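Protein chains in written order, with the numbering used here: chain A, 393 to 774; chain B, 393 to 774. In what follows, a structure is listed as structure tokens, so that the remarks can point back to it.
Written out as structure tokens, the structure is:
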């Protein structure tokens, strides 16, 4: 496969963007990424988005965003794998480069969730799980996360407070990210006082509903310039598992994440211990723990210990969600996977400010659609 | 770019499939294509679908269809460009092969429209045009097609009956396709008696709402076997235009189709006169005419003559919609582009039965999302 390089990043601060439309959000991120890369055109645009159809009544977002960013008549289309759509856009863009058909391709992840009512958003998000066997029976994502968390507590024998360090570390990292939705930090007491919404899962175990857009520019070796702060996309993989939980052999193993990460490590030729930071899909705190286990940072049932030990903090052995993760930076679902890649790139470029991981060499990002149904993994290399 | 070969096709008859779910439709087409190709696994699945989220409350269809076809834990995801989603799935699958990352990839286009009420379907389809500037103002697709048809009549100076031959030829071809929705043929009188739904557009100028799924298997030169009836994917391109009509310079030129076709001819190294058959996106009869002009089979304003002259019939110079097209085979929107590629492949393999174009060498397919916003073009070669 041809080498792929990441040469530009752009992001809109994650907020409730009531004054910006979906196309305006996308165009802002796109133009920021092109400015960062020093390019004024691209050969193709891949848009990652989940909810534009349901909540914004807009399909065909490839054409919409390419037009808004002034890039017509370039190739442009949308990819969707629920909450993994933003990571998937980067995957498809990398594929477009390695195919040899294009030299410069942009991936844009975008989502606008806050214009709709919360019941409408919850129903739309439930389309990421199995409609016939889960959602239509009333099983929504907080319910799924609560069920998995309860099983984890039962099998591993820890208490729910063991999950709190993952939440507190995310909010600590978010404090120093100007693009994060939540920048005030969080105390253990605040987490403890938050209501249980799907016992034992608390409200503050969940990533927030919000709006955002992020973009990256990828290019081929043929056109990469020495003036660009180019990073190599060492691996870009996807693996799937059953969408419904009931069909899985083990409720506590994210099989798709294991397969996706294993392929990524093999393609990149690196081991988990070489990873400098992990931008994980911490939409719910149990998902952060299962992701750490799936990607080889802990054995099954032992990921929970990385919270109390401090390993996931900025100065720990595997810094997690170094810009706040989905939990504190925010989770505009179809954009989150692209934000992860932007943040990983900033770390490897040494531009992470107060959140900088010193000497970062390999960054791992993992974007998950459904509760592990579709898993997109990237490894970036300085 | 690495060569890509098409080695298997599968299709479900286009019908009102009230007894088959979206996943069952997709799995049937997928298994038929794998059986045809003589493979029992693929490296990746790309699903093309437009309305599953709105009408079926199911996102994340990559994982759903891969699971239903017994292909987990392969890579799988969905692409969407409105009614071009089915062609786009083939485009993305071809890219996955030429990237060198995969050797065998399946594209599945699927759609289930008939479970919903017609108002709900019309609203969902309107997400393919510009929501803010068109759909929210009440502009739906039949309205857009009627407006373009009226402009064509005004500029070209023909009467609406000049469009009838395109409808009648489609239904004549559909008579001999067992997978077509409409197999009874159509008379001029039936077309003339059908109501005007967006004057001068008649009901029978429009492709029908229906259900269907089609799939193709693509593979690399490395794994193609002599036992497979392999066809070369000579070109696979996408180009975009503005999604809203008001921003276009010329209402009668499908700029995205011109760009997409021009790129395809250049990549394939063929000219329009070498094309043996054209599977066009005849969702509305004016769209068939504009597509013929965009792809170089007639000059602007002269495509209409290809109807009366008989050029578009099976024995004409540019056979159009040889299995009935969207008009008679049916238009399950996110599947139609994949059906086109299946039909083109059957022609080139000499398996088109009574619709066979003798000596077919190059087949052109073109799948359009919105009224020309996203255009996917393929050229297949024997």
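Using N, Cα and C, we set each Cβ at its ideal position, and we do this for glycine too. Predicted, not measured: the structure shown is a model, and the values here were computed from it.
Query raised in the report: Using Cβ-Cβ distances below 8 Å, what residues of the stretch 681-714 of chain B are close to chain A?
Result: none
Query - Cutoff 6 Å; reference residue 660 of chain B; Cβ partners in own chain excluding five residues on either side - result: 626, 627, 771
Query - From A/563, A/654, A/506, A/427, residue whose alpha carbon lies closest to that of residue 577 of chain A - result: A/563
Query raised in the report: What number of angstroms, rounded off, separates the C-alpha of residue 506 of chain B from the C-alpha of residue 449 of chain A?
Result: 20 Å
Report task. Find the residues of chain A that neighbour residue 634 of chain B, judging by a C-beta separation of less than 8 Å, and give them in chain order. Result -> 455, 459, 464
Query - Identity of the residues DSSP links to residue 766 of chain B by a beta bridge - result: B/632, B/761
Report task. Pull up the distance between the alpha-carbon of residue 369 of chain A and that of residue 673 of chain A, whole angstroms please. Result -> Since the first and last residues shown for chain A are 393 and 774, residue 369 of chain A lies out of range.
Query raised in the report: CA-CA distance, residue 490 of chain B and residue 647 of chain A?
Result: 28 Å
Report task. Name the two residues that bound the continuous alpha helix (DSSP H) containing residue 612 of chain B. Result -> Taken as a continuous stretch (DSSP letters only), residue 612 of chain B belongs to no alpha helix (DSSP H), being part of the beta strand (DSSP E) at 603-612.
Query raised in the report: When the Cα of residue 538 of chain B is compared with those of B/737, B/743, B/679, B/691, which residue comes out closest?
Result: B/679
Query raised in the report: Which of the three DSSP states, helix, strand or coil, is assigned to residue 574 of chain A?
Result: coil
**Report entry** Delimiting residues of the alpha helix (DSSP H) encompassing residue 446 of chain A
**Finding:** 444-448
Query - For residue 754 of chain B, the three-state DSSP class (helix, strand or coil) - result: strand
Query raised in the report: Could you give the C-beta distance for residue 468 of chain B and residue 431 of chain B, rounded to a whole number, given that I count them as a contact under 8 Å?
Result: Not a contact, Cβ separation roughly 16 Å.
Query raised in the report: Going by Cα to Cα distance, which pick from A/608, A/569, A/451, A/559 is closest to residue 496 of chain A?
Result: A/608
Query - Neighbour-count burial assignment, residue 671 of chain B, 16 or more Cβ in a 10 Å radius - result: buried
Query raised in the report: Using a Cβ-Cβ distance under 9 Å, would residue 381 of chain B count as near chain A?
Result: Beyond the ends of chain B as shown, which are 393 and 774, falls residue 381 of chain B; an answer cannot be given.
Query raised in the report: How big is the Cα-Cα spacing for residue 451 of chain A and residue 474 of chain A?
Result: 14 Å
Query - Where the stretch 750-772 of chain A meets chain B: residues whose CB sits under 7 Å from a CB there - result: 761, 762, 765, 766
Query - Neighbourhood of residue 414 of chain A by C-beta, 7 Å cutoff - its chain only, sequence neighbours within 5 removed - result: 444, 448, 450, 502, 504
Query - Residue from A/707, A/610, A/631 with nearest C-alpha to residue 435 of chain A - result: A/610
Query raised in the report: How long is the line joining the alpha carbons of residue 712 of chain A and residue 706 of chain A, rounded to whole angstroms?
Result: 7 Å
Query - Proximity winner among B/484, B/715, B/701, relative to residue 709 of chain B (alpha-carbon distances) - result: B/701
Report task. For residue 553 of chain B, decide whether its Cβ has a neighbour in chain A, counting only Cβ atoms nearer than 9 Å. Result -> no
Query raised in the report: How many angstroms separate the CA atom of residue 586 of chain B from the CA atom of residue 529 of chain A?
Result: 43 Å
Requested in this report: Report the rounded CA-to-CA distance for residue 620 of chain B versus residue 595 of chain A, giving the unit in angstroms.
Outcome: 55 Å
Query raised in the report: Mind listing which residues of the stretch 486-500 of chain A have their C-beta closer than 7 Å to chain B's C-betas, in chain order?
Result: 487, 488, 490, 491, 492, 493
Query - Secondary structure of residue 595 of chain A, DSSP reduced to three states - result: helix
Query raised in the report: Between the stretch 722-736 of chain B and chain A, which residues of the former have CB atoms less than 8 Å from a CB of the latter, in chain order?
Result: none
Query raised in the report: Does the Cβ of residue 694 of chain B have 16 or more other Cβ atoms within 10 Å, making it buried, or fewer, making it exposed?
Result: exposed
Query raised in the report: Within this structure, are the beta carbons of residue 652 of chain B and residue 758 of chain B separated by less than 9 Å?
Result: yes
Requested in this report: Tell me where the beta strand (DSSP E) around residue 403 of chain A begins and ends.
Outcome: 396-403
Query raised in the report: Hey, is the stretch 419-431 of chain A in contact with the stretch 452-462 of chain A, meaning 3+ C-beta pairs nearer than 8 Å?
Result: yes
Query raised in the report: Going by alpha carbons, who is nearest to residue 592 of chain B out of B/601, B/543, B/604, B/522?
Result: B/543
Query - Environment of residue 775 of chain B [buried if 16+ CB atoms lie within 10 Å] - result: Nothing can be reported for residue 775 of chain B: it is not among the residues displayed for chain B, which extend from 393 to 774.
Query - Length at least 3, wholly inside the stretch 429-481 of chain B: the beta strand (DSSP E) runs in chain order - result: 436-440, 467-472
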